[in-house]
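What follows is one structure encoded as structure tokens, with my remarks underneath.
In my numbering, the protein residues as written are 158 to 545.
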């Protein structure tokens with residue numbers, strides 16, 4: 158990553174200002190940091206250029222090893238992309254200042270820049286790969302499973318397109334979460350070997366309860382294949398087939414209760430599961446081996462809107478706990494503590510809190526009025542707990 162500034166001092170100050178924000182968010186330092194690195198990063202964060210220069214001059218002999226240690230740590234497998242780039246940026250500044258103030262080895266800076274270029278290209282490729290699947294994931298609940306992609310491609314198969322909504326026809330969320338499936342995308346434990354041995358998808362896809370996972374591979378490995386249509390097009394759903402399958406697995410469907418004989422859709426064209434359930438058109442299975450315990454929380458929480466004129470959010474525990482186990486949300490997503498969660502739309506939009514499911518497997522976040530239901534001045538339901 159070649160950086161050319163006519164004013165080297167301006168470069169140091171600008172870099173310090175930018176990386177101060179990075180370091181404030183990412184504490185990507187090894188537990189055994191040297192005293193030098195601790196001092197330098199402290200001066201860097203506080204934009205103390207004079208102190209940085211003095212440290213560079215006083216520690217000339219150890220700078221090459223410090224830079225090499227930073228590069229090695231940055232490229233360790235457990236680091237995120239953001240942590241890797243943060244560490245490489247520090248290494249770049251050290252190597253650059255070493256050249257300027259100590260007439261240091263330019264090859265050291267070249268090594269850092271090469272590592273930066275490689276990591277940036279890898280991230281661009283990762284993002285490009287992720288963007289390939291966006292069209293398949295427009296429907297909430299659709300996920301392209303990309304773990305073990307190299308082995309899948311070598312076997313001549315397409316990636317797996319997993320459809321939550323297809324499974325929701327027959328099973329409640331609590332039937333599968335958090336056992337046998339944790340709510341983790343691309344869980345590395347989900348392998349073909351594990352499935353054929355009866356774990357994960359193999360709990361049902363065994364040739365008896367549902368089609369066999371080791372014989373009808375193309376039904377799941379569907380990305381880019383003709384069979385993907387049944388997983389990406391709601392209008393292609395055969396309701397008579399759904400009703401027949403429901404009877405076999407123990408769910409209840411009554412398509413005669415559907416208005417116009419069609420699935421109810423929200424304004425985004427996705428299935429409105431609440432309307433389906435309220436209309437008694439279907440009743441899914443709540444457990445794979447036996448009905449799940451109906452531990453429902455009856456309390457209602459009202460989150461007061463922070464913007465004047467905006468409707469407040471009514472969160473109904475009973476509604477959510479009807480479909481999910483308490484453990485699916487507490488304590489990993491929400492701390493079970495009054496005012497213990499800093500819930501905001503920014504956090505939700507980033508996939509935290511409600512955003513763990515909504516916009517991914519449940520209705521879209523853009524369907525604002527599904528949650529923002531209490532108009533300004535309206536009295537909340539009796540007994541509701543108020544949150545600012």
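Ideal Cβ positions, reconstructed from N, Cα and C, are used throughout, including at glycine. Bear in mind the structure is a predicted one, so any value in this text is a computation, not a measurement.
Contact fails between the segment 417-436 and the segment 457-472, because fewer than three Cβ pairs, one in each stretch, are under 8 Å apart. If you look at residue 266, you'll find it in the alpha helix (DSSP H) that goes 263-289. For residue 371, the CB contacts under 6 Å within the same chain, skipping 5 residues up- and downstream, are 353 in chain order. Sequence-distant Cβ neighbours of residue 196 in its own chain, meaning closer than 7 Å and more than five residues away, are 212.
Taking a cut-off of 8 Å on C-beta distances, the segment 515-531 does not touch the segment 482-492, as fewer than three cross pairs fall below it. Judged by DSSP in its simplified three-state form, residue 434 adopts helix.
Ranked by Cα distance from residue 545, the options 493, 324, 464 are led by 464. With 16 or more neighbouring CB atoms inside 10 Å of its own CB, residue 326 falls in the buried class. Per DSSP, residue 219 lies in no beta strand (DSSP E) segment and is marked neither H nor E. Taking each of 374, 472, 490 in turn and checking the Cα distance to residue 319, the smallest one comes out for 374.
Boundaries of the alpha helix (DSSP H) around residue 402: 396-406.
Under DSSP, residue 428 shares a beta bridge with 422. In the DSSP assignment, no residue is bridged to residue 209. Ranked by how close their Cα comes to the Cα of residue 360, the residues 446, 387, 409 have 446 in first place. Apart from sequence neighbours up to five positions away, the residues of its chain that approach residue 241 with a beta-carbon distance below 6 Å are 231, 276, ordered along the chain. Distance between residue 252 and residue 515, taken at the CA atoms: about 45 Å. When only Cα atoms are considered, residue 300 and residue 439 end up about 24 Å apart. Between residue 206 and residue 228, the CB-CB gap reaches or exceeds 8 Å.
Close CB contacts of residue 330 within its chain, under the 6 Å cut and outside five residues either way in sequence, are with 480, 481 (chain order). Residue 543: member of the beta strand (DSSP E) spanning 542-544, first to last residue. Taking a contact to require three or more Cβ pairs closer than 8 Å, the segment 260-278 and the segment 297-316 do not qualify as touching. The segment 380-391 and the segment 287-300 touch, with three or more beta-carbon pairs separated by less than 8 Å. Each residue's CA atom was taken as its position, placing residue 543 and residue 501 some 15 Å apart. In chain order, 438 place their CB closer than 6 Å to the CB of residue 415, counting only its own chain and leaving out the 5 sequence neighbours on each side.
For the pair residue 474 and residue 489, the Cα-to-Cα distance works out to about 17 Å.
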